[in-house]
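These notes concern the structure reproduced below.
The following block contains the structure:
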């Protein structure tokens with residue numbers, strides 16, 4: 022698992038989305054430090070996590086990763102809770 026800049030990971034997610042626009046889920050929320058967490062899942066096969074921190078009222082620093090080899094039960098729980 023490698024950390025990428027937000028723009029790199031969003032480009033990879035968009036490439037997958039452009040090939041298949043069905044079966045997407047997004048879960049977002051704030052962590053205890055006020056940073057924004059996004060989980061983006063595609064068809065129970067791919068899962069990405071993005072973390073954003075505001076640097077001023079108008080911009081964020083964002084990093085992300087594709088999560089691989091995730092335990093299937095945990096993955097399904099994340100998807101079910103995002104409904």
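Numbering (this note's numbering), first residue to last: 22 to 104. C-beta atoms are modelled at their ideal positions from N, C-alpha and C, and glycine is treated no differently. Here the structure is a predicted model, which is why all the values come from computation and not from measurement.
Report yes if the CB atom of residue 57 is closer than 7 angstroms to the CB atom of residue 80, and no otherwise.
-> No, Cβ-Cβ distance for residue 57 and residue 80 is not below 7 angstroms.
Could you tell me which residues DSSP pairs with residue 50 in its beta bridges?
-> Looking at the DSSP output, residue 50 sits in a beta bridge with 58.
Through-space distance from residue 35 to residue 25, alpha-carbon basis = Those two C-alpha atoms are separated by around 15 angstroms.
Of all the options 71, 28, 43, 39, which has the alpha carbon lying nearest to the alpha carbon of residue 50?
-> Residue 50 has its Cα closest to that of 71, out of 71, 28, 43, 39.
Cβ-Cβ distance between residue 61 and residue 47 below 7 angstroms | It is a contact, given that the beta carbons lie within the stated cut-off.
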